[in-house]
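Residue numbers (our numbering): 23 to 194.
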């Protein structure tokens, strides 16, 4: 925190976002919130990267209720969430075992024409598995996933049971 306090320059969004990312990576929420406070005080405009970092930090810290507040602030500031933001939000809700909200966010993402990424599909398939939505998971896999995503060692496990003729979501 003393870095900013002793700076001879006025921090901009790039500097504050970078510093916030470092604090977030080390789970130092005080530092993350200090950067947000500096942005507000210096009237530095927050961008989609700012919110993506903030959402990630809040999710990893288990501050799930704060995520909704951040989303509201984004909308007030006319910042549309991108695939990274949505996926980060869904990942946080997945960790909090709020599987229905994961699917709600996925539907919202599609309604806003935001292209899901490979991690998005992995999270959504996991949520469907937890909710025992076998048919919906199979449809997602068969109709969408093969056209947009190539399974890798990172995302392959959720796809595995869906890629065989015997589909048993309980075996994931």
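Even for Gly, the Cβ is constructed at its ideal location relative to N, Cα and C.
{"Check": "So what does DSSP say about residue 100, is it helix, strand or coil?", "Outcome": "coil"}
{"Check": "If you compare alpha carbons, which of 117, 118, 111, 119 is closest to residue 129?", "Outcome": "111"}
{"Check": "Find the nearest neighbour of residue 102 within the set 153, 131, 121, 57, judged by alpha-carbon distance.", "Outcome": "131"}
{"Check": "So residue 57 packs on residue 45, CB below 8 Å; how close in whole Å?", "Outcome": "7 Å"}
{"Check": "Is it buried or exposed for residue 87, if we count other Cβ within 10 angstroms and need 16 for buried?", "Outcome": "exposed"}
{"Check": "Is it buried or exposed, residue 137, if we count other Cβ atoms within 10 angstroms and call 16 or more buried?", "Outcome": "exposed"}
{"Check": "What is the rounded straight-line gap between the Cα of residue 63 and the Cα of residue 48?", "Outcome": "24 Å"}
{"Check": "Grab the span of the alpha helix (DSSP H) containing residue 129 for me, first residue to last.", "Outcome": "121-133"}
{"Check": "Give me, in chain order, the residues of the same chain whose beta-carbon lies closer than 7 Å to that of residue 39; leave out the 5 immediate sequence neighbours on both sides.", "Outcome": "71, 72, 75"}
{"Check": "What would DSSP say about residue 90, mapped onto helix, strand or coil?", "Outcome": "helix"}
{"Check": "Checking 7 Å against the spacing of the C-beta atoms, do residue 141 and residue 109 come in under that value?", "Outcome": "yes"}
{"Check": "Is residue 150 near residue 160, with beta carbons less than 7 Å apart?", "Outcome": "no"}
{"Check": "Whose C-alpha, out of 68, 123, 80, 82, is nearest the C-alpha of residue 96?", "Outcome": "68"}
{"Check": "If you run the structure through DSSP and keep just helix, strand and coil, what is residue 77?", "Outcome": "helix"}
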